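Quick note, the sequence shown lines up with residues 10 to 149 if you use our numbering. Every residue, glycine too, gets a C-beta built ideally from N, C-alpha and C. Computed from a predicted structure; not experimentally measured. Worksheet: one structure, shown below.
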Amino acid sequence: LLFCALCSCQFVSNEICIKSRMASQTQGIQQLLAAEKRAAEKVAEAKKRKARRLKQAKEEAQEEIEKYRQEREKQFKEFEAKHMGSREDVAARIEADTKVKIEEMNRAVTLHKEAVIQQILELVYDIKPELHQNFRAVAK
C-alpha cells in the first residue's frame, strides 16, 4: 500500500488523492454557501418581522393618539358648556353687546356732529399763510 505524503491517505496514484481532496473542498464550499444562504434568509425574515412590529406599533400609537384626542375634545366641550354656556348663548351675548356699542356710537355722533363739522369748516376757511419753520431764504 502506498500513502500520500501530503494527507496520509491511501492512494493508487497521486492524481486520485488530489481529486478526492478537491472533491472534499468543493463539498465544504457547498456547505458554506448553503449556510450563508440560510443565514441570509434568517436575516431577511428578521427584517420582515421587525418591519411588521414597527408597523403594528405605529398603528397602535395612532389608535392611542386618536383615543386621547377624543377624550380631550370631550373634556373641552364639557368645560365650555359649564363655563361659557352653549355657542348660541355666547353668540347672542356678543350680538347684544355689539348692538349696545353701536347705539352708543350713534348717540355720540349725533351729539357731536355739529361741533365736528364746525371745526372742519373753520380749518378750511381760516387759512393763515405762513412760511414753514425749516424754510431758509436764499440770498440773491
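In the three-state reduction of the DSSP assignment, residue 143 falls in the coil class, being assigned neither a helical nor a strand state. Residue 111 carries a helical assignment under DSSP once its states are collapsed to helix, strand and coil. Rounded to whole angstroms, residue 102 and residue 143 show a C-alpha spacing of 55 Å.
The DSSP assignment places no complete beta strand (DSSP E) segment of no fewer than 3 residues inside the segment 39-122.
When secondary structure is reduced to three states using DSSP, residue 136 falls in the coil class, being assigned neither helix nor strand. Per the coordinates, the alpha-carbon of residue 127 lies some 26 Å from the alpha-carbon of residue 141.
A straight line joining the alpha-carbon of residue 108 with that of residue 117 spans about 14 Å.
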